[in-house]
Structure formats: C-alpha cells, structure tokens
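Numbering of the sequence shown is given in our numbering, commencing with residue 569 and proceeding in unit increments.
Glycine included, every Cβ here is placed at the ideal spot set by N, Cα and C.
Since the model is a prediction, treat every value here as computed from it, not as a measurement.
See structure below.
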Amino acid sequence: MAFLRTTRPEEDFEVIRGRAVLLRQPAAGDYAEWAELRARSRSHLTPWEPTWAHDDLSHGMYRRRLRAYAKDVREDSSYPYFIFDTSSGALVGGTTLSNVRRGSAQTASLGYWMGVTYAGRGYMREAVSTLLPVAFGTLRLHRIEAASMLNNAASIRVLEVCGFEREGIARSYLKINGRWEDHILYARVAGAPLSEVPQGGGT
Numbered sequence: 569m570a571f572l573r574t575t576r577p578e579e580d581f582e583v584i585r586g587r588a589v590l591l592r593q594p595a596a597g598d599y600a601e602w603a604e605l606r607a608r609s610r611s612h613l614t615p616w617e618p619t620w621a622h623d624d625l626s627h628g629m630y631r632r633r634l635r636a637y638a639k640d641v642r643e644d645s646s647y648p649y650f651i652f653d654t655s656s657g658a659l660v661g662g663t664t665l666s667n668v669r670r671g672s673a674q675t676a677s678l679g680y681w682m683g684v685t686y687a688g689r690g691y692m693r694e695a696v697s698t699l700l701p702v703a704f705g706t707l708r709l710h711r712i713e714a715a716s717m718l719n720n721a722a723s724i725r726v727l728e729v730c731g732f733e734r735e736g737i738a739r740s741y742l743k744i745n746g747r748w749e750d751h752i753l754y755a756r757v758a759g760a761p762l763s764e765v766p767q768g769g770g771t
C-alpha cells in the first residue's frame, strides 16, 4: 500500500460534481464521443500535445488506455477524468492527476485538454477548481504541479486563475508535437485558498 494513501471510499474520487461540470473516470461507453471530439479537435490540440500515434483514436488503443487507467488508479499513480457539461451531458475535455509521488513528497502533476468546440467557455477553469479539493482532501496530496508552454496563453490563464503560482522555466522540458519545448512550471500547495471560479470567458 502506498505510504499515506487515502483510505476514503473509491466513490469519493471516481465521480466529482461541480456547478457546471462533472468529472468522471473514463469508461468503455465513452469511446465514440471521445474519438469524435478528439478527431474534430486534432488541429486545435496537436500544437500542445505529444505526437499522436498513428492509431491514437482507434477502439483498440482506447481499450488499452482504459486498462492502463484502471491499473494506475489501483496503484495510486494516476487519476484520469473526462469532463462533462452538467446541463447537456456532453463530453468537453479531460484532465489527469498523474505521476503521483507519495512518501515525503505527496505530489502529483496536473494535465488537461479541451475540445475545440468548448474552448474559451470556462469549462477548464471550473474543472480544475472542482478537482483541487478532491486532490488535497480525498487523495491527501500536498502539492499539485503543472507546466505550460510559454505561448499557451489559455493554459497559463487557467492555472493562474485557479491559484497556481509560477515557479520558473524548465528548458526543453517536454517533447511536444515532435519538438522539445521550454515550459513554465507552476504549483499549488494544500492550504492555499480556493477562489471562486469567474463566470464566462477563458478556457
């Protein structure tokens, strides 16, 4: 068992309800909607993501992802979520707490993506603000780290509005779309006030 891992029921982190979004761990029945949204958003997403595999959107690859997700959650190493609009039920994007480090660190890395149709409408800000209390409470993490490319203004805005503090720049930090890119490093620690999510505008 991981050192200082949460002992709360799994239901406390499998589904997380916010005002305008619902975060839920990916399921087999989400494949068609996920694949359609990712395909439609490809040109919007690829500048900010690692190079997609040739079969990235295939049903077989999705099933492999689900198996990996289930293993990661069991091992307390990663917590993936799809983001749904609470009014329409539509899948709008995804977010993940990954690279969970226990022991003396109690830290995880935050990542996210938003479908092109839903970008700039405040979904990601609410999703991150909804996830943080679970990360710090149910999952008992102390520190959440995130990184953004220097020219990704939307991602930077999400992090700063959600209370993340800029800590520096990491050179050639991640290989994005085939190139090693510098990233701004951000973090938020437990105990920092959880501000209200502004209404309208932004990612």
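Candidates the options: which alpha carbon is nearest residue i's?
i, options, result
"residue 606", "698, 681 and 756", "681"
"residue 713", "724, 687 and 732", "732"
"residue 659", "673, 645, 683 and 641", "683"
"residue 670", "692, 704, 728 and 663", "704"
"residue 616", "742, 754 and 758", "742"
Just verifying my parser: in three-state terms, what is the DSSP assignment at residue i?
i, result
"residue 571", "For residue 571, the predicted structure reports a pLDDT of 39, less than 50, and the residue's modelled location is therefore unreliable. A value from the coordinates is still provided. Looking at residue 571 - three-state DSSP - the assignment turns out to be coil, as it is neither helix nor strand."
"residue 588", "coil"
"residue 643", "coil"
"residue 620", "coil"
"residue 747", "strand"
Here's the rule I'm using: 16 or more other beta-carbon atoms within 10 Å means buried, otherwise exposed. How should residue i be labelled?
i, result
"residue 587", "exposed"
"residue 694", "buried"
"residue 600", "exposed"
"residue 685", "exposed"
"residue 619", "exposed"
"residue 621", "exposed"
"residue 723", "buried"
"residue 570", "Confidence is the limiting factor: at residue 570 the pLDDT is only 42, short of 50, which leaves the residue's position unreliable and the question unanswerable from this model."
"residue 756", "buried"
Mind checking if residue i is an interface residue toward chain D, Cβ cutoff 8 angstroms exclusive?
i, result
"residue 634", "This model lacks chain D altogether, as it is built from one protein chain only."
Do the segment 736 to 750 and the segment 707 to 721 touch if we need at least three Cβ pairs shorter than 8 angstroms? yes
What residue ranges within the segment 697 to 739 form continuous alpha helix (DSSP H) runs of no fewer than 4 residues, ordered along the chain? 721 to 729
Inter-stretch contact (C-beta, 8 angstroms, three-pair minimum) for the segment 647 to 662 and the segment 590 to 598: yes
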